[in-house]
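In mature numbering (1 follows the signal peptide of the UniProt record, and there is no 0), the protein residues as written are -28 to -1, 1 to 312.
Let me begin by presenting the structure, written as structure tokens, before commenting on it.
If you want it as structure tokens, here you go:
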């Protein structure tokens, strides 16, 4: 009798445990699914990065990420310096900068890698008012010049000054964001501005002129990712690069529509946007960072040190040697991303 009672109690207990285990398993499964669904990719978009605008407009990355249980958060960058701030703070995992800005950030300890290129632009030049008496970079001596530190226009300015036998000490630098630099030039608060497209193209049409241009002083557009993101989510990093490859191929085949997307996103006249896309942006540049990319940055390295933006040339050299992670761009495949 005791044996029978024990057996029944044991059976009932085991059954209860089994039901509880199934319930817990179900909860664990639901939690895992919720965790996957709650995963988020924060990535920037910027008017100086037309491919990001195409991706955001078309929703290709959003749709592809959703299939992996990942939501995409788009955060706007006003300049390379702001993108670098967001990357350092982990506010975005992938951000768009000029190559020079990526080198500067890594030289100063930011944990980023350049995983792809998004353009080879002529997006910076020296801009003055149409009635200005500044005719060449040499005329900048003693003048007030606006530029955004930590961005390609700033490094364009430094190289331009050096070529003219001047330095930053020979001018009064107004370190303000790109849009504010354009406003300062327009209202006469500064004599010149190291401009950035597409804002620069609008200024050129309205009241300004490009007094000095040099394609060699412009660096490539660099798509950068945090190192911890690359290590923890390599499949997601590949998805981003594949999506960029799709945007690259689509933009090369649809320049007019790409210009329309830029015009809408930046509030530009369509003719201005067309100038930026068709005349001053090579969006069909290979996505894999090449020797040409690092060579341009190598030329800028000494300037970073001379102007005390980086403590030593050794830091620049170490950063340049470790900046590029080309594994994703090397196998980028636009066909993996659906959409028209």
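Just so you know, even glycine gets a beta-carbon here, dropped at the ideal spot from N, CA and C.
For residue i, the three-state DSSP class (helix, strand or coil)
| i | result |
| --- | --- |
| residue 180 | strand |
| residue 308 | helix |
| residue 13 | strand |
| residue 37 | helix |
| residue 193 | strand |
| residue 78 | helix |
| residue 107 | coil |
| residue 143 | coil |
| residue 162 | coil |
| residue 205 | coil |
| residue 273 | helix |
Sequence-distant residues of its chain with Cβ nearer than 6 Å to residue i (five each side left out)
| i | result |
| --- | --- |
| residue 246 | 231 |
| residue 165 | 99, 118, 153 and 157 |
| residue 248 | 169, 170 and 173 |
| residue 253 | 91 and 93 |
| residue 227 | 249 and 250 |
| residue 82 | 60 |
Rounded C-alpha distance that separates residue i from residue j
| i | j | result |
| --- | --- | --- |
| residue 111 | residue 190 | 21 Å |
| residue 184 | residue 108 | 7 Å |
| residue 43 | residue 12 | 5 Å |
| residue 319 | residue 88 | Not covered by the structure: residue 319. The range shown for the chain is -28 to 312. |
| residue 192 | residue 243 | 24 Å |
| residue 96 | residue 266 | 19 Å |
| residue 28 | residue 17 | 8 Å |
| residue 19 | residue 258 | 20 Å |
| residue 277 | residue 288 | 8 Å |
| residue 161 | residue 38 | 48 Å |
Where the beta strand (DSSP E) through residue i begins and ends
| i | result |
| --- | --- |
| residue 42 | 42 to 48 |
| residue 101 | 96 to 101 |
| residue 66 | 66 to 70 |
Residue environment, residue i, which counts as buried when at least 16 other CB atoms sit within 10 Å
| i | result |
| --- | --- |
| residue 313 | Since the first residue of the chain shown is -28 and the last is 312, residue 313 is not available in this structure. |
| residue 102 | exposed |
| residue 214 | buried |
| residue 274 | exposed |
| residue 187 | exposed |
| residue 113 | exposed |
| residue 204 | exposed |
| residue 22 | buried |
| residue 218 | buried |
Same chain, Cβ closer than 8 Å to residue i, five either side skipped, listed in chain order
| i | result |
| --- | --- |
| residue 313 | Nothing about residue 313 can be read from this structure; the chain reaches only from -28 to 312. |
| residue 179 | 101, 102 and 158 |
Extent of the continuous alpha helix (DSSP H) to which residue i belongs
| i | result |
| --- | --- |
| residue 90 | From DSSP, residue 90 is part of no alpha helix (DSSP H) but of the beta strand (DSSP E) over 84 to 93. |
| residue 282 | Careful: residue 282 lies outside any alpha helix (DSSP H) and carries neither H nor E. |
| residue 53 | 52 to 60 |
Spatial neighbours of residue i in its chain, beta-carbon cut-off 7 Å, leaving aside the 5 residues before and after
| i | result |
| --- | --- |
| residue 63 | 14 and 47 |
| residue 291 | 75, 78 and 79 |
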